[in-house]
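Following the UniProt record's numbering, the numbering of the sequence shown begins with 1 at its first residue and continues without gaps.
Ideal Cβ positions, reconstructed from N, Cα and C, are used throughout, including at glycine.
None of the values given here were measured: they were computed from a predicted structure.
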Amino acid sequence: MNTPGHLSPGMWKHPRNGTSHYNKLSFWTNLAKTLDDAGFHAMFIADTLGPYDVYKGPANVDPCLTAGAQFPVNDPLFLVPAMATVTKNLIFESAARSFGLDTQIEHDERYKIADEYMEVLYKLWEGSWKDNAATRNLQTGHFAEPGLVRPINHKGQYFKVAGPHICEPSPQRTPLLFQAGISKAGVPFGGKHAEAIFIGG
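1) Does the Cβ-Cβ distance between Leu-124 and Gly-163 come in under 8 Å?
2) If I'm right that Phe-159 touches Glu-116 with Cβ under 8 Å, what's the distance once you round it to whole angstroms?
3) Within this structure, are the beta carbons of Cys-64 and Pro-81 separated by less than 8 Å?
4) Decide if the segment 2–19 is in contact with the segment 65–72; the criterion is three or more beta carbon pairs, one per stretch, under 8 Å apart.
5) Based on the DSSP output, what are the partners of Phe-189 in its beta bridges?
6) In three-state DSSP terms, what is Lys-184?
7) If you drop the 5 nearest sequence neighbours on each side, which residues of the same chain put their C-beta closer than 6 Å to that of Pro-9?
8) Taking the alpha-carbon positions, what's the Gly-191 to Ala-42 distance?
9) For Glu-145 and Cys-167, what's the separation of their Cα atoms in angstroms?
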């Protein structure tokens, strides 16, 4: 997994273990090159959509957060362009070919859904982790401090997301956002959320 501790939680503290740098591209590209040079045909990176929160739970992320045990993670797509530069083949399977909808959601309604989705993202990106939460403290053995990572407990019309965010914040937290659409509903959505808008013409 794209995390400081997959099947060996706590090993990030070992001086010869580099997994505390799991969120640095060089860690993964060097690993990919090593495997490629050794004749391996693939590098599989597992993924998860939430923390393992049942130990001393329920909904208790503190143990896995402290140990760096499969949490936090990077979005797998963070690695895709980097892997393309150092390996010969990238192969994907669709995570989901159908969302089970009988008909397409009405156009303007999709923008209402997207607007709330952005609200959820802002809460995760900006509010779930304090800047100093990931301490990587060798003295205490804590990868991150539970008191500095909090759930967002979003309850809206379309989404119910407890959190916390499963990823450490990036340096800028909210990324540069692009939006495509110049419809009556799309223009105000882009003006509210995007730094750049694709337009026709």
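Taking the coordinates as given:
1) Taking 8 Å as the cut-off, the Cβ atoms of Leu-124 and Gly-163 count as close.
2) 6 Å
3) no
4) yes
5) For Phe-189, which the question treats as bridged, DSSP gives no partner whatsoever.
6) coil
7) Ala-67, Ala-69
8) One C-alpha to the other measures close to 42 Å.
9) 14 Å
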